[in-house]
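Trainee:
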Amino acid sequence: MSIDALIAGKLHARPEARTSKVGKPFATAKMRAAAGDGESLFVNVIAFDQATVAALLALDAGDSLAVSGSLTPKVWTDREGASHPALDVVAHAVLTAYHVNRKRSAMQRPQQEGEGSARPGRQRDEAWRAMAPAPGSHEPQDDELIPF
């Protein structure tokens, strides 16, 4: 079972760059997301898309981020035998404070003279369109490579 999800949290440790058996780069990370009861959940993140991998690898432990992608709920058992929930996410996109600031400045930039004055907000539309993922780029390349 896979669920489309958007999860915000903080990186538990620095993301790791990895390479598949066929030489394709990917990244893994572990983040903590707040649960409704004041607790937090561990979220295992894996990314295959080049831009998503680069965004993850630019971060460090403790950095805030939001990931969107395919979520799979899991359960893990600790040494005492107690069961705990966990989440696995194949990340299609990563959003950080850097991305928010870049989008905000793109939205607030005044429209340049002579550039489509008949259509207000053209720059904003183009900025959002440029940041959208390419069609089909969010599909995992090879499900067999997921290490968890």
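Quick note on the working numbering: the sequence shown kicks off at 1331 and runs consecutively.
Here a beta-carbon is modelled for each residue, glycine too, at the ideal position from N, C-alpha and C.
Determine, using beta-carbon pairs with one atom in the region 1390-1405 and one in the region 1337-1350, whether at least three such pairs fall under 8 Å.
Mentor: yes
Trainee: Beta-carbon within less than 7 Å of A1396's beta-carbon, same chain only, minus the 5 sequence neighbours each way: which residues are those?
Mentor: The residue you call residue 1396 lines up with position 66 of the sequence shown. Counting only Cβ-Cβ distances below 7 Å, and skipping sequence neighbours, we find L1336, I1337, A1338, L1425.
Trainee: Over the uninterrupted beta strand (DSSP E) stretch that includes V1373, give me the two end residues.
Mentor: Mapped onto the sequence shown, residue 1373 falls at position 43. Looking at the DSSP string, the run of the beta strand (DSSP E) that includes V1373 is 1370-1377.
Trainee: What does the Cβ neighbour count give for A1364, buried or exposed, with the cut at 16 atoms within 10 Å?
Mentor: As a working note, residue 1364 is residue 34 in the sequence shown. Flag for A1364 reads exposed.
Trainee: Does the beta-carbon of I1333 have 16 or more other beta-carbons within 10 angstroms, so that it is buried, or is it exposed?
Mentor: Within the sequence shown, numbered from 1, the residue matching residue 1333 stands at position 3. The residue is exposed, with fewer than 16 neighbouring Cβ atoms inside 10 Å.
Trainee: Run the CB neighbour count on M1437, radius 10 Å, all protein chains shown included, and call it buried at 16 or more, exposed below.
Mentor: If you number the sequence shown from 1, residue 1437 lands on position 107. That one is exposed.
Trainee: In three-state terms, what does DSSP make of V1405?
Mentor: Residue mapping note: residue 1405 aligns to position 75 of the sequence shown, counting from 1. For V1405, the secondary structure class from DSSP, reduced to helix, strand or coil, is strand.
Trainee: Over what stretch of residues does the beta strand (DSSP E) that includes T1382 continue unbroken?
Mentor: Here residue 1382 refers to the residue found at position 52 when the sequence shown is read from its first residue. No beta strand (DSSP E) holds T1382; the alpha helix (DSSP H) holding it covers 1380-1387.
Trainee: What does the Cβ neighbour count give for V1496, buried or exposed, with the cut at 16 atoms within 10 Å?
Mentor: The structure shown does not extend to residue 1496, since the chain is modelled only from 1331 through 1478, so no value can be given for it.
Trainee: Nearest CA to the CA of T1323: which residue from G1399, A1416, L1401, S1400?
Mentor: Residue coverage of the chain in this structure runs from 1331 to 1478, which leaves residue 1323 outside it and unanswerable.
Trainee: With burial defined as no fewer than 16 other Cβ atoms inside 10 Å of the residue's Cβ, what is the status of A1427: buried or exposed?
Mentor: As a working mapping, residue 1427 is identified with position 97 in the sequence shown. So A1427 ends up on the exposed side.
Trainee: So, for A1357: in the same chain, excluding its five sequence neighbours on each side, which residues have a beta-carbon less than 6 Å away from its beta-carbon?
Mentor: Working through the sequence shown from its first residue, we reach residue 1357 at position 27. Around A1357, the same chain offers P1345, A1347, A1377, V1383, L1386, L1387 as residues with beta carbons nearer than 6 Å, after the five sequence neighbours per side are excluded.
Trainee: Within a Cβ cutoff of 8 Å, which residues of the same chain sit near P1355, ignoring the five residues on either side of it in sequence?
Mentor: Position 25 of the sequence shown, counted from the first residue, corresponds to residue 1355. A1347, R1348, T1349, Q1380, V1383.
Trainee: Classify A1365 as helix, strand or coil using the three-state DSSP reduction.
Mentor: On the sequence shown, residue 1365 is found 35 positions in, with the first residue counted as 1. DSSP places A1365 in coil when its eight states are reduced to three.
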